[in-house]
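Engineer:
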Amino acid sequence: MAPSGTAPIPLPTATPPAPTIQKAGDTGDRTLWVVCVIMVISSLAFYVMAYRTPANKRFFHTITAFITTFAAISYYSMAVGDGISIRTSTYVEKHHGRIPDLTLTVQREVYWARYVDWALTTPLLLVDLSLLAGLNGADITVAVVADVIMVLTGLFAALSDDGRPRWGYYAIGCLAYLVVVWQLAVGGRATVAKKDNKTATFFYAIAGFTFILWTIYPIIWGVADGSYTIDVDAEIVSYAILDVLAKPVFGFWLLFTHDSMAESTFSIGGFWSDGLGSGEGALRVGDDDGA
Ligand code: RET
Numbered sequence: 009m010a011p012s013g014t015a016p017i018p019l020p021t022a023t024p025p026a027p028t029i030q031k032a033g034d035t036g037d038r039t040l041w042v043v044c045v046i047m048v049i050s051s052l053a054f055y056v057m058a059y060r061t062p063a064n065k066r067f068f069h070t071i072t073a074f075i076t077t078f079a080a081i082s083y084y085s086m087a088v089g090d091g092i093s094i095r096t097s098t099y100v101e102k103h104h105g106r107i108p109d110l111t112l113t114v115q116r117e118v119y120w121a122r123y124v125d126w127a128l129t130t131p132l133l134l135v136d137l138s139l140l141a142g143l144n145g146a147d148i149t150v151a152v153v154a155d156v157i158m159v160l161t162g163l164f165a166a167l168s169d170d171g172r173p174r175w176g177y178y179a180i181g182c183l184a185y186l187v188v189v190w191q192l193a194v195g196g197r198a199t200v201a202k203k204d205n206k207t208a209t210f211f212y213a214i215a216g217f218t219f220i221l222w223t224i225y226p227i228i229w230g231v232a233d234g235s236y237t238i239d240v241d242a243e244i245v246s247y248a249i250l251d252v253l254a255k256p257v258f259g260f261w262l263l264f265t266h267d268s269m270a271e272s273t274f275s276i277g278g279f280w281s282d283g284l285g286s287g288e289g290a291l292r293v294g295d296d297d298g299a
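Structure below.
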């Protein structure tokens, strides 16, 4: 402590304010646990449904069960506080008078575990829809790769601490999303139109539902991770509602419809249901001896 009488004279300076911290409160924390439990229960139900379905017809069931399993793990990691990091953003508040400019710091939680979840589960959701429509392997690959680009650019954007690159990544992600929509809406529609009426009508309904839900994600991103307009609790609750609709609700709808339809309208054959040796793709004796 300075001895009395020699205390330094304060200089005319603006003290930088303490960083603003944006983190989840009780509502957010509780929501993460509730969704984790919903995902676990749905996964168990999907595995039971898969078990009860003959092995050669359960491809949709297992994919759908994997989707909610990944989501359960991701929600668990966010609920216990591991799948989260803190992004620090600084920006300068200009004062044009005698007060110096202020550097403001905001620290906000980034729930990166949800992007790991999306990078694995959104391709699987697309595989579900693509197989239903009857898309070919090349078109499914384009949709899946575009989808992975969409999610990864979303992750880079969320972790980027500078405004401009952040929105650059976001723009790339939106373009990739348009490619996904194109594959499913144009390609998927044309392919499913060649199938029976029941399958086509069901595809239009479930793909339309998916399109509406998926389009809300980048909007939430824009007002949450993008611009910090809504707080972290509102972000968690919004994604929670969307995730429950996009995974368990989507899954039950798909599998109940699958099980109630005649197998000829809604089944995949070949390697994915019968394995190699069932005809297509089987190695024949003499294939490799040049005969
Ligand atoms: C991001 C930001 C970059 C631009 C776009 C996005 C879209 C995300 C979507 C996510 C869907 C998630 C689902 C999860 C299911 O539980 C990554 C937010 C376009 C469409 C269906």
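Under the working numbering, the residue at position 212 of the sequence shown is numbered 220, and the numbers go up by one with no gaps. Glycine is no exception: its CB is placed at the ideal position from the N, C-alpha and C atoms.
For residue 123 versus residue 162, is the C-beta spacing smaller than 8 Å?
Structural biologist: yes
Engineer: Does DSSP put residue 88 in a helix, a strand or coil?
Structural biologist: The DSSP-derived three-state label of residue 88 is coil.
Engineer: Output the distance between the C-alpha atoms of residue 166 and residue 205, rounded to the nearest integer angstrom.
Structural biologist: If you take the alpha carbons of residue 166 and residue 205, they lie about 42 Å apart.
Engineer: If you draw a straight line from the C-alpha of residue 297 to the C-alpha of residue 285, how long is it?
Structural biologist: Low local confidence applies: a pLDDT of 45 at residue 297 is under 50, so the model's placement there is unreliable, and no value is given.
Engineer: For residue 76, does the count of other Cβ atoms within 10 angstroms reach 16, so buried, or fall short, so exposed?
Structural biologist: buried
Engineer: Between which two residues does the alpha helix (DSSP H) holding residue 257 run?
Structural biologist: Taken as a continuous stretch (DSSP letters only), residue 257 belongs to no alpha helix (DSSP H), as it is neither H nor E.
Engineer: Within a Cβ cutoff of 6 Å, which residues of the same chain sit near residue 55, ignoring the five residues on either side of it in sequence?
Structural biologist: 73
Engineer: Considering only the alpha carbon of each residue, which of 210, 244 and 111 lies closest to residue 28?
Structural biologist: 111
Engineer: Classify residue 9: buried if its beta carbon has 16 or more other beta carbons within 10 angstroms, exposed otherwise.
Structural biologist: Note that residue 9 scores a pLDDT of 43, beneath 50, so its modelled location is shaky; the value from the coordinates is reported in the next line. When all chains shown are included, residue 9 counts as exposed.
Engineer: At the level of alpha carbons, what is the spacing between residue 295 and residue 129?
Structural biologist: Caution is warranted here: a pLDDT of 47 is assigned to residue 295, below 50, making its placement in the model unreliable, and no coordinate value can be reported.
Engineer: Residues in its own chain within less than 6 Å of residue 151 by CB, not counting five upstream and five downstream?
Structural biologist: 134, 188 and 191
Engineer: Got a sec? Which residues, its chain only, sit under 6 Å from residue 121 by beta carbon, not counting five neighbours each side?
Structural biologist: 82, 85, 86 and 91
Engineer: Quick one: is the Cβ of residue 229 within less than 7 Å of any heavy atom of the ligand RET?
Structural biologist: yes
Engineer: How far does the beta strand (DSSP E) with residue 236 in it reach, from first residue to last?
Structural biologist: Note, residue 236: premise wrong, no beta strand (DSSP E); not H, not E.
Engineer: Cβ-heavy atom distance between residue 128 and the ligand RET below 7 Å?
Structural biologist: No, since every heavy atom of the ligand RET falls outside the 7 Å radius drawn around the Cβ of residue 128.
Engineer: Note down, one range per segment and in chain order, each beta strand (DSSP E) of at least 3 residues found wholly within the segment 105 to 178.
Structural biologist: Counting only unbroken stretches of 3 or more residues, the beta strand (DSSP E) elements lying wholly within the segment 105 to 178 are 110 to 118, in sequence order.
Engineer: Output the distance between the C-alpha atoms of residue 32 and residue 223, rounded to the nearest integer angstrom.
Structural biologist: When only Cα atoms are considered, residue 32 and residue 223 end up about 24 Å apart.
Engineer: Whose C-beta lies closer than 6 Å to the C-beta of residue 185 among residues of the same chain, with five residues either side of it excluded?
Structural biologist: 158
Engineer: Going straight from the alpha carbon of residue 42 to that of residue 265, what length do you get?
Structural biologist: 27 Å
Engineer: Check whether the Cβ atoms of residue 349 and residue 146 sit closer than 8 Å, and answer yes or no.
Structural biologist: The chain is shown from 9 up to 299; residue 349 falls before or after that span and cannot be answered.
Engineer: Please report the straight-line C-alpha distance between residue 58 and residue 280, rounded to a whole angstrom.
Structural biologist: Here the alpha carbon of residue 58 sits roughly 15 Å from the alpha carbon of residue 280.
Engineer: Once DSSP output is grouped into helix, strand and coil, what is the label at residue 71?
Structural biologist: helix
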